[in-house]
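Residues -25 to -1, 1 to 140 (mature numbering (1 follows the signal peptide of the UniProt record, and there is no 0)) make up the sequence shown, in order.
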Amino acid sequence: MKHSLIKFGIISAMALGMVAAPAFAGESTAGTKIGVLTCKTVPHTTVNLLVHSTTDVRCDFVATDGSGVEHYIGETGVGFGVDLNYKRDSTIAFTVFAADGHAGNHKMAGKYVGAGASATVGAGVGAQVLVGGGDKSISLEPAIEGNTGLGASAGLTYLYLQADK
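1) What are the boundary residues of the beta strand (DSSP E) that G79 is part of?
2) Which first and last residues belong to the beta strand (DSSP E) in which T7 is found?
3) Using a Cβ-Cβ cutoff of less than 7 Å, which residues in the same chain neighbour G107 once the five nearest sequence positions on both sides are dropped?
4) For H46, name the three-state secondary structure that DSSP assigns.
5) Taking its Cβ as the centre, do 16 or more other Cβ atoms sit within 10 Å of T21, making it buried, or is it exposed?
6) Decide if D75 is buried, meaning its Cβ has at least 16 other Cβ atoms within 10 Å, or exposed.
7) Drop a sphere of 10 angstroms on the beta-carbon of V57, count the other beta-carbons inside from all chains shown, and report buried for 16 or more, exposed for fewer.
8) Along the chain, where does the beta strand (DSSP E) containing A74 start, and where does it finish?
9) Where does G91 sit, in a helix, a strand or coil, going by DSSP?
10) What residue from G54, Q137, R33 and T39 has the CA that sits closest to N23's CA?
11) Just the Cα atoms here: how many angstroms apart are G10 and H46?
12) Roughly how many angstroms separate the alpha carbons of P18 and F69, rounded to a whole number?
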């Protein structure tokens, strides 16, 4: 029974991700690559209610123009969907595009929404496409997620970021 549930979750997560991600990718903001955002989950902060989950993150943004590293704190999760995950840790890397082509001044702060899916048995992978930011001109794509744990998830995902000063 347990293995059947995990297989069902993995298949569902991948199917939803393949269907939903292109729809959100089509909404992404045209722009110029301005850097890479890497987020790591904060241990022992995950709340999972099966149809909604949340965990705290610490993120670093490295601009392609060499202007330095900006630090952020925030929250990410599945706003609505299925989350059957038990993860010990997770790291997510996003390529960041901006409509105006400029980085800096904690431009990454804001709310992002999109679609995502992941599958984990020991070590696993996931993907997310997110759009938003303070001025709604930032696109985070394609996000690659590496995690350890057990389970699967798929649904509407979110990321909230604020400057870590």
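Every residue gets a Cβ at the ideal spot worked out from N, C-alpha and C, and that includes glycine.
Straight from the coordinates:
1) Premise fails: G79 is in no beta strand (DSSP E) and is neither H nor E.
2) T7 to T16
3) G85, K86, Y87, V88 and I113
4) strand
5) buried
6) exposed
7) buried
8) Careful: A74 lies outside any beta strand (DSSP E) and carries neither H nor E.
9) strand
10) G54
11) 13 Å
12) 20 Å
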